[in-house]
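Data block below; observations after.
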Ligand code: AQP
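Numbering (UniProt numbering), first residue to last: 5 to 336.
Shown next, in the form of structure tokens:
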């Protein structure tokens, strides 16, 4: 079975609809066909300041949401990044192979450090993509299911894997991004020119899965569309409507063309009212299932402990091979 690896940050508490449709939904599907490794990336989270109590609570919450979304610990390996020390260890080696200029070109770093102020941004934030490289290469992943915003980091992963292999001998699998066209980038409901994100300009544009479903329905109904009235999928000229159609289609499994037909001659209001219902029908059981996992922290922690053990077995082997290739004297 080909292998997949991906991760999600435990930073915001609730996952948002972009996280779910862009990434987590693919993870659930891929556990059926792939040898799948999924993790809550707490090492990545501390690249920006975190409250310690909140970080550990949010790590459990992220794991609970992944299980609620449909990850099955019998079909995939689910773990917490800091439980596998090899991530930080391989990241150091990869840091030493990465050019300063190369890392400086990562657009996510540029955006995030600009938002924080360059002097406030941590060195950890700067090397965030290199840690991600280590995450992926440790598991010899063939594919990495992520949203479009991660494409550049996967490119960096491929470059560094090739560089390492060229310099030290074949060691790492060269991974490919697994990004779906329809859901690789879910847009902000108030500004369909930017991606839906936890650092959105207005909370009205962001659908948090754990929010009150009534408030969520309202956000969907007040999504920005355009001054035209025709429900048609056209990402260039009708980004708002297309975003809503994409979300609708993915959550219900209905083709876009069928939806266009269904709303022919109807106004945007009808589409939004129906989509609000679709979203509420999705988030309501999701919230309940998440709460059930949270109510039983022992089971949750034991799932994560088993996951870490399975992950470490793979990670330790890759790290020891890497250390040997680099020329580190084996400890006796
Ligand atoms: N809008 C999106 N559309 C599709 N996929 C998305 N992802 C994030 N936003 C969208 C994908 O979700 C996965 C987890 O990403 P993360 O750990 O970076 O989560 P986040 O920090 O909550 O992401 P945000 O909201 O984008 O935060 P900011 O803007 O602060 O960085 C990834 O696979 C990502 O591609």
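All residues carry an ideal CB built from backbone N, CA and C; glycine is no exception. Since we're looking at a predicted model, the values are computed, not measured.
- Residue 321 sits in a helix when the DSSP states are folded into three classes.
- Here residue 307 is buried: its Cβ has 16 or more other Cβ atoms, across all protein chains shown, within 10 Å.
- Burial check for residue 26: the Cβ neighbour count within 10 Å reaches 16 or more, so the residue is buried.
- Annotation: residue 167 to residue 144 spans about 15 Å, alpha carbon to alpha carbon.
- Remark: the shortest separation between the CB of residue 223 and any heavy atom of ligand 1 does not fall under 6 Å.
- Taking 7 Å as the cut-off, the beta carbon of residue 81 is found no closer than this to the beta carbon of residue 320.
- The beta-carbon separation of residue 254 and residue 187, rounded to 5 Å, stays under the 8 Å limit for a contact.
- For residue 180, there is no enclosing alpha helix (DSSP H); the residue is part of the beta strand (DSSP E) that begins and ends at 180-182.
- In this chain, the alpha helix (DSSP H) harbouring residue 64 covers 56-73.
- Counting along the chain, the unbroken beta strand (DSSP E) around residue 12 starts and ends at 7-12.
- Cβ contact annotation for residue 9 (same chain, cutoff 7 Å, sequence separation greater than five): 41, 139, 140, 143, 145 and 148, in chain order.
- The segment 121-179 is shown to contain whole beta strand (DSSP E) runs of 3 or more residues at 147-149, in chain order.
- DSSP places residue 42 in the uninterrupted beta strand (DSSP E) bounded by 39-44.
- The DSSP-derived three-state label of residue 286 is helix.
- The straight-line gap separating the alpha-carbon atoms of residue 265 and residue 235 is approximately 9 Å.
- As DSSP reads the structure, residue 191 sits in a beta bridge with 199.
- Taking a 10 Å sphere around the C-beta of residue 322, we find 16 or more other C-beta atoms and assign the residue as buried.
- Bridge pairing for residue 80: 40 [DSSP].
- Short note on residue 201: C-beta closer than 6 Å to some heavy atom of ligand 1.
- Per DSSP, the continuous alpha helix (DSSP H) segment holding residue 222 begins and ends at 217-225.
- The straight-line gap separating the alpha-carbon atoms of residue 131 and residue 159 is approximately 15 Å.
- Counting the other Cβ atoms within 10 Å of the Cβ of residue 198 gives fewer than 16, which makes it exposed.
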